[in-house]
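Trainee: Quick note on my numbering: the sequence shown kicks off at 71 and runs consecutively.
Note that beta-carbon positions come from the ideal geometry of N, C-alpha and C, so glycine has one too.
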Amino acid sequence: MTMETQRADATDPNPPHDGSRGQTAIVGAGRTGMSFARYLSNRGRPYILLDQAPTEGQRAELREISGAGLLEFNRNRLLTAREIMLSPGVPRAGADIQAALASGIPVRGDLDVFAGDCGHSASVMAITGTNGKSTVTTLLGQMAEDADMSMKVGGNLGIPCLDLLDESAKGYILEISSYQLESAGAFRSDVATVLNLAPDHLDRYDNLEHYYETKASLYRRTNIAVVNKETDYPFDLSGCEEIFSFGREKPNDTREFGLVGDALYQGERQLIDAGELKIRGLHNLMNILAALAMGAALRWDMESMLQSVRNFPGLAHRCETVAAKHGCVFVNDSKATNPAATEAAVLGMSHQAKNLCLLAGGVSKDADMRPMARSTAPYLAQVIAFGRDANVIEEAFRNEGVVVSQVADLGRAVAEVSSECDMVLFSPGCASFDQFRNFEHRGEVFKTLILGDTEVQDGL
71 MTMETQRADA TDPNPPHDGS RGQTAIVGAG RTGMSFARYL SNRGRPYILL DQAPTEGQRA
131 ELREISGAGL LEFNRNRLLT AREIMLSPGV PRAGADIQAA LASGIPVRGD LDVFAGDCGH
191 SASVMAITGT NGKSTVTTLL GQMAEDADMS MKVGGNLGIP CLDLLDESAK GYILEISSYQ
251 LESAGAFRSD VATVLNLAPD HLDRYDNLEH YYETKASLYR RTNIAVVNKE TDYPFDLSGC
311 EEIFSFGREK PNDTREFGLV GDALYQGERQ LIDAGELKIR GLHNLMNILA ALAMGAALRW
371 DMESMLQSVR NFPGLAHRCE TVAAKHGCVF VNDSKATNPA ATEAAVLGMS HQAKNLCLLA
431 GGVSKDADMR PMARSTAPYL AQVIAFGRDA NVIEEAFRNE GVVVSQVADL GRAVAEVSSE
491 CDMVLFSPGC ASFDQFRNFE HRGEVFKTLI LGDTEVQDGL
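#1: What first and last residue would you give for the beta strand (DSSP E) that runs through Y449?
#2: For I520, which residues does DSSP report across the bridge?
#3: Short of 8 Å in beta carbon distance, which residues of its chain neighbour D182, apart from the five on each side in sequence? Order them along the chain.
#4: Can you tell me whether Q168 is buried or exposed? The criterion is at least 16 other CB atoms within 10 Å of its CB, across all chains shown.
#5: When you compare only the Cα positions, how much space is there between G103 and E510?
#6: Please identify the residue among L428, A262 and V297 whose C-alpha is closest to the C-alpha of S193.
#7: Just to confirm, are I243 and V223 a CB contact at a threshold of 8 Å?
#8: Compute the beta-carbon to beta-carbon distance between A151 and I175, rounded to the nearest angstrom, for a pair I have assumed lies under 8 Å.
#9: Do you know whose CA, among D166, V206 and G92, lies nearest M356's CA?
#10: Determine whether the beta carbon atoms of A295 and L307 lie at a separation below 8 Å.
#11: Below 6 Å CB to CB, which residues in the same chain sit around V487 once its five sequence neighbours on both sides are set aside?
#12: Return the first residue and the last residue of the beta strand (DSSP E) that A196 is part of.
#13: Among S238, G241 and Y275, which has the Cα closest to the Cα of L251?
#14: If you reduce the DSSP assignment to three classes, tell me which class G513 lands in.
#15: Please state the DSSP three-state secondary structure of C427.
#16: Would you check if the distance between the CB atom of V477 and the CB atom of F456 is smaller than 8 Å?
#17: What residue from Y281, N322 and G100 has the CA that sits closest to S247's CA?
#18: Sort out for me which residues DSSP pairs G224 with in a bridge.
#19: Would you tell me roughly how many angstroms separate the C-alpha atoms of M73 and G309, rounded to the nearest one?
#20: For R115, collect the residues of the same chain with a Cβ closer than 8 Å to its Cβ; drop the 5 residues on either side in sequence, then sort them by chain order.
#21: Just to confirm, are D52 and R147 a CB contact at a threshold of 8 Å?
#22: Just to confirm, are L156 and C188 a CB contact at a threshold of 8 Å?
#23: Just the C-alpha distance for M375 and D121, rounded to the nearest angstrom, thanks.
#24: Compute the distance between the beta-carbons of R108 and D216, then report whether it is under 8 Å.
#25: Determine which residues share a DSSP beta bridge with S259 and list them.
#26: Specify, as a first and last residue, the run of the beta strand (DSSP E) that D343 falls within.
#27: Can you look up K395 in the DSSP assignment and give me helix, strand or coil?
#28: What is the DSSP secondary structure of I154, reduced to helix, strand or coil?
#29: Assign A497 to one of two classes, buried (16 or more other C-beta atoms within 10 Å of its C-beta) or exposed (fewer than that).
#30: Measure the alpha-carbon distance for L359 versus I154 and round it to whole angstroms.
#31: Checking 8 Å against the spacing of the C-beta atoms, do L210 and G317 come in under that value?
#32: Count the other C-beta atoms from every protein chain shown that fall within 10 angstroms of the C-beta of G471, then say buried if there are 16 or more, exposed otherwise.
#33: E465: which of A443, A239 and S420 sits nearest, CA to CA?
#34: Work out the CA separation of M372 and S220 for me, nearest whole Å.
#35: Return the bridge partner residues of I313 from the DSSP annotation.
#36: Taking the continuous alpha helix (DSSP H) assigned at I358, which residues delimit it?
In structure tokens, the structure reads:
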């Protein structure tokens, strides 16, 4: 079945109002909630926007969009709606949303709404996974831009997907979170990848299997799957017309991408050597292979993609070299918000350091740090744990025999680095909201501590 046929067969994502209920209720006033508001305002459709704790800034933003008011959330307002547009930060499994579903009210996410307007001729590339989503999405966007393809880039990264809608676009490159997939409805893609699966968001999901199932559901919504051969999960690929793969093994045919030594290959063809790249680490090689496989699946020109790969500098706060001072290289990997990301960073950087120091800490989100500590311990000369769950990290590494200490905050962690270390990897493995606004702020604070500017330090 072709993409056009599949999309035409999908349930109408904009069902007509049957007169029995009121207007659309948008739940959540964050980035996605405001994109719902713009979408509905541009189409002249009435709505209310509900939020548990609306801010004055959000109220002002909504007034600029439509002049509408932002109301405090309550169940009665929800249950009188004709439909609900649910922000991904609001759990679909919550009692109020479940009550609405039980009452027969459709609950839709932004991907579901997007599916009705993106056009049958526009290609859709979908990227999810526990780690690496933003890097692959951005790299694909750079490939498209360098090749003068009119592709819109966003989703969970940057611009919300509803704000990307453009009749002139040839396609869309979307980073997608598990939260978005909970209410994806009629969404489908031409090519999709689940980059990897590792424990995360256990504060949201009942168990790890529920989280993995949500991520894996993306493959039931695509024509072409790009699969990580290193991921040990029973993906359902039965509905896919074609399957590409990437991994550390030597590839065998043109739909397989892998490594031979330090070189990236497609089948028997050597594509590029790792030494030609600007970004570091084995995990980034996997990200590049995934992007190349996705582009190849849509028949993009390989030479053009490889030139983009050579020039790609990576993203801020992802194994970003900050400085080399006093014989030590300082690397900012603040985006590592779960232990799997930290594990990938340590293993990816370990061959570049003789004495590697890891700075880790923050809010663990109930993640088990022990597997990460076990796999990275042989490569670490020192670990310094900080933040709310520093004790969890310290215990995990102490049990592995690593030299580890615990401090209150990041500033003290930097001060505790041994003079014998030749690389400091700031890869927290935790969420940032105990001491920082977000991972970006956390990364900027680290860079400022290293480079000596006091302005950001004062923002702690």
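Mentor: From the atom records:
#1: Per DSSP, Y449 lies in no beta strand (DSSP E) segment and is marked neither H nor E.
#2: DSSP lists no bridge partner for I520.
#3: In the same chain as D182, and ignoring 5 residues on each side of it, the C-beta atoms closer than 8 Å to its own belong to P83, S253, A254, G255, A256 and F257, in chain order.
#4: Q168 should be labelled exposed.
#5: Taking the straight line from one Cα to the other gives about 22 Å.
#6: Of the listed residues, the one whose Cα sits closest to S193 is A262.
#7: One thing to note: I243 has its Cβ within 8 Å of the Cβ of V223.
#8: The beta-carbon distance between A151 and I175, rounded to whole angstroms, is 6 Å. This is short enough to meet the 8 Å contact definition.
#9: M356 has its Cα closest to that of V206, out of D166, V206 and G92.
#10: By the CB criterion at 8 Å, A295 and L307 fall inside the cutoff.
#11: Sequence-distant Cβ neighbours of V487 in its own chain, meaning closer than 6 Å and more than five residues away, are C427 and V494.
#12: S193 to T198 is the extent of the beta strand (DSSP E) around A196.
#13: Looking at the Cα atoms, Y275 is the closest of the given residues.
#14: For G513, the three-state secondary structure derived from DSSP is helix.
#15: Reduced to three states, the DSSP call for C427 is strand.
#16: F456 sits close to V477, with the two beta carbons spaced by under 8 Å.
#17: Comparing Cα-Cα distances from S247 to each of Y281, N322 and G100, the minimum goes to Y281.
#18: L244, per the DSSP bridge assignment.
#19: Its pLDDT being 38, under 50, M73 is placed unreliably by the model, and the measurement read from it follows with that caveat. Going from the Cα of M73 to the Cα of G309 covers about 12 Å.
#20: Here the set comprises Q93 and T94.
#21: As shown, the chain starts at 71 and ends at 530. That puts residue 52 outside it, with no answer to give.
#22: For L156 and C188, no; Cβs fall outside 8 Å.
#23: In this structure, the CA atom of M375 is about 43 Å from the CA atom of D121.
#24: No, Cβ-Cβ distance for R108 and D216 is not below 8 Å.
#25: Paired residue(s): T292.
#26: Here the beta strand (DSSP E) through D343 covers R339 to D343.
#27: Note: K395 maps to strand in three-state DSSP.
#28: Reduced to three states, the DSSP call for I154 is strand.
#29: Reading off the sequence shown, one finds Ser at residue 497, where the question assumed Ala. That one is buried.
#30: Their backbone Cα atoms lie some 39 Å apart in a straight line.
#31: The answer is no: Cβ separation not under 8 Å.
#32: Per the 10 Å Cβ criterion, exposed.
#33: Measuring from the Cα of E465, the nearest candidate turns out to be A443.
#34: Their Cα atoms are separated by approximately 18 Å.
#35: The bridge partners DSSP lists for I313 are A295.
#36: Run containing I358: L352 to A367, per the alpha helix (DSSP H) assignment.
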